[in-house]
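Notes follow once the structure below has been shown.
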Amino acid sequence: MALSRSARRTSRWLALATAVASAASIAAAPGASPGAPGVGDPYFPTLGNGGFDALHYDLGVSYQPGSGRLDGRTTLTARATKNLSAFDLDLQKLTVDSVRVNGRRAHFGRSGDEITVRPDFPLRHGTKFTVTVAYHGVPKPLSGPIVFGSDYGWMKTKDGIFVACEPNAASTWFPSSDHPGDKATYDIRIDAPKGLTGVSNGRLVATREAHGRSYAHWRETRPMATYLATATIGKFDVRTGTTPGGTPIYVAIDPTLPTGKVDVYGITAEATDYWSQVFGRYPFEVTGAIVDDMPQAGFSLEVQSKPVYSAVRSESTIVHELAHQWFGDSVSVKKWQNIWLNEGFATYAQWLWREHRGTRSAHDTLRAQYADIPADSDFWKVKVADPQRDTMFAGAVYARGAMTLQVLRERIGDKAFFKLLPAWTARHRYGNAETSQFIALAEKISGQQLDDLFDAWLNTDSKPALPE
């Protein structure tokens, strides 16, 4: 189609205006500089990234079980928190094929697990931008002492993949700002061979089958830490419905597992509704579970909206992981040294569940566990408020953290304590928090000075005296 003379004049004017605007954009970004390669977490200094705030991830992953190959395309929408000339993303081992910023091809470099992206134009402070990364490879799980000595992350099963990434394995399968301090919403699209089901966070938007492949699109509309994202793939029996309280529920169970005596669907529904009464309104659109045959993973994980279990777990494990939906998922740690705010609270929820069932009071559980652990045990040498990276999931973080909460409950009384729990989850809903903020809120609600209690139970490397 040919342009008229007036249209050509308009076109030249628009081109000139665009050039002027582009120049103004560059001029409006004085002193643009690279973002930091990490957020400076003492346990994982290079995880997360400085200079931008992650807002939304659109993840597309295509998996080939035979070769183990993953082909991915991730589009991250972010907001610049400074004038940026370059920024980093976390990605472990996988090969990057291309990077685009705002749709334009960008230069990138690689140093270990860091990708440095250099767009041809500066990103002004406060503006939104997109970065799209195409990549491929065979993801490998991480190992070491951190998670009870177990492998974790992207793990092959007999029929697919079990994905559980706490604390630092999300970047083994998608480029990200891999730290809980940088939460975002998600669309996750899973492409797998026909006959397999891809299960992820949030609600199921669409499914289809074509050309021998199955496709599932999941959407998590509430902010989520990267380590809570999953793309678990396998053969599953799926049951859906709603809890008695009205929350949609999605439970996927590997049919090869023995059913045992645990009603995963029933307990998930019951615990979701009960914790909603104790901890405040359920924070997500969907509740549920993913139960897979994964004996190499000696753990379960509080994946947001659908915890993943490496086998049919106990009722106690289910209530623990569901409590994490409030403590860890909705209210996430600012730094990993605050991990007791996740694990101590979820362990204490197990104590509360026994109390709810009428089998044992939290008071009695505290005293029994306290009496069983001698003063010279290594258990008491872990400073729960800062347990160190390789022992961040030590038993003391769980049990001594729970003890701290019961001691607090007995000090301030049930009325203040059960006002504190939902106040905490409401105040930091979908955000991040640290121990000092919990202490401050406990003191405000109780009207008591509590530094001595928290210092004795969280910061010492010896067995505290149990209150009378």
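Take the numbering used here: the last position of the sequence shown gets the number 457, and nothing is skipped along the way.
Note that beta-carbon positions come from the ideal geometry of N, C-alpha and C, so glycine has one too.
Please say whether A391 and G333 have beta carbons closer to each other than 8 Å?
It is a contact, given that the beta carbons lie within the stated cut-off.
Please classify T336 as buried or exposed, where buried requires at least 16 other C-beta atoms within 10 Å of its C-beta.
Buried: at least 16 other Cβ atoms inside 10 Å.
For D148, tell me which candidate among E274, I222, D375, L48 has the shortest Cα-Cα distance.
Out of E274, I222, D375, L48, I222 has the C-alpha closest to the C-alpha of D148.
Considering only C-alpha positions, which residue in the set G201, K408, G20 is nearest to N72?
Taking only the C-alpha atoms, the option nearest N72 is G20.
Can you tell me whether DSSP reads N190 as helix, strand or coil?
Looking at N190 - three-state DSSP - the assignment turns out to be coil, as it is neither helix nor strand.
Using DSSP with H/G/I as helix, E/B as strand and the rest coil, what is F110?
Here F110 sits in coil by DSSP.
Just reading off the alpha helix (DSSP H) that G390 is part of, what are its end residues?
It spans 384 to 401 - the alpha helix (DSSP H) in which G390 sits, taken as one unbroken run.
Hey, would you say G317 sits closer than 8 Å to D167, going by beta carbons?
For G317 and D167, no; Cβs fall outside 8 Å.
Once you ignore the five residues that flank Y455 on each side, which residues in its own chain have a CB closer than 6 Å to its CB?
Per the sequence shown, the amino acid found at residue 455 is Leu instead of Tyr. Excluding residues within five positions, the ones whose Cβ falls inside 6 Å are Y359.
Do you know how far the Cα of N157 is from the Cα of D471?
One cannot answer for residue 471 here, as it falls past the ends of the chain, which runs -10 to 457.
Could you check what DSSP says for L78 in three-state terms: helix, strand or coil?
Strand, per DSSP.
Which runs of the beta strand (DSSP E) at least 3 residues long sit entirely within the region 270 to 326? Give them in chain order.
DSSP runs (the beta strand (DSSP E)) wholly in the region 270 to 326: 276 to 280.
For D243, count the other beta carbons within 10 Å of its own beta carbon; 16 or more makes it buried, fewer makes it exposed. Which is it?
Buried: at least 16 other Cβ atoms inside 10 Å.
Would you mind stating whether R208 and A181 have Cβ atoms separated by less than 8 Å?
Result no, Cβ atoms of R208 and A181 do not sit closer than 8 Å.
Going by the beta-carbon positions, is the gap between G111 and A95 smaller than 8 Å?
According to the sequence shown, residue 111 is Pro rather than Gly. No, the pair does not count as a contact, with Cβ atoms beyond the cut-off.
Could you name the residues of the same chain whose beta carbon sits closer than 6 Å to that of Q293, not counting the 5 residues immediately before and after it, in chain order?
N190, M213, L217, D318, listed in sequence order.
Please classify A16: does DSSP put it in a helix, a strand, or coil?
Only weak support is given to the placement of A16: the predicted model assigns it a pLDDT of 40, under 50, and the question is left unresolved by the model.
Which value, in whole angstroms, describes the spacing of the CA atoms of A445 and V373?
Answer to the nearest angstrom: the Cα atoms are 10 Å apart.
Tell me the rounded alpha-carbon separation between R89 and D365.
For R89 and D365, the distance between alpha carbons rounds to 57 Å.
Between N91 and the rest of its own chain, which residues show a CB-CB distance below 7 Å, the 5 nearest in sequence each way excluded?
Around N91: F118, T119.
I need the boundaries of the beta strand (DSSP E) containing T221, first residue and last residue.
Its beta strand (DSSP E) spans residues 221 to 223.
Could you pull out every residue in the same chain whose Cβ sits closer than 8 Å to the Cβ of D441, ignoring the five residues on either side in sequence?
Excluding positions up to five away in sequence, the list is empty.
Measure how close the beta-carbons of T146 and D60 come, nearest whole angstrom, since I'm counting them as under 8 Å.
About 19 Å; that fails the 8 Å criterion.
Ends of the alpha helix (DSSP H) at H352?
Here the alpha helix (DSSP H) through H352 covers 351 to 361.
Can you give me the C-alpha to C-alpha distance between S100 and D379, rounded to a whole angstrom?
If you take the alpha carbons of S100 and D379, they lie about 24 Å apart.
What residue does the alpha helix (DSSP H) around Q339 start on, and which one ends it?
Segment 329 to 346, the alpha helix (DSSP H) holding Q339.
Short of 6 Å in beta carbon distance, which residues of its chain neighbour Y46, apart from the five on each side in sequence? Order them along the chain.
If we look at Y46 and ignore the five residues flanking it on each side, its Cβ neighbours are L65, A173, Y175.
From L44 to P130, what does the alpha carbon distance come to, in whole angstroms?
Distance between the alpha carbons of L44 and P130: 26 Å.
Expressed to the nearest angstrom, what Euclidean distance is found between the alpha-carbon atoms of V280 and E304?
Cα-Cα distance, rounded: 13 Å.
In whole angstroms, give me the CA-to-CA distance for I15 and A69.
Reliability of the predicted coordinates at I15 is poor, the pLDDT of 39 falling under 50, and the value obtained from them is presented with this limitation in mind. If you take the alpha carbons of I15 and A69, they lie about 14 Å apart.
Have a look at W264 and L409 and give me their C-alpha separation to the nearest angstrom.
If you take the alpha carbons of W264 and L409, they lie about 14 Å apart.
Identify every residue that forms a DSSP beta bridge with V90.
Looking at the DSSP assignment, V90 forms a beta bridge with R93, V120.
Output yes or no for whether 8 Å exceeds the beta carbon distance between Y298 and I150.
Contact: no.
What does S51 pair with, by DSSP beta-bridge criteria?
D60, D180.
Below 7 Å CB to CB, which residues in the same chain sit around N327 once its five sequence neighbours on both sides are set aside?
Only E423, T424 meet the Cβ criterion.
From G384 to F137, what distance separates their C-alpha atoms?
When rounded, the distance between both Cα atoms is 10 Å.
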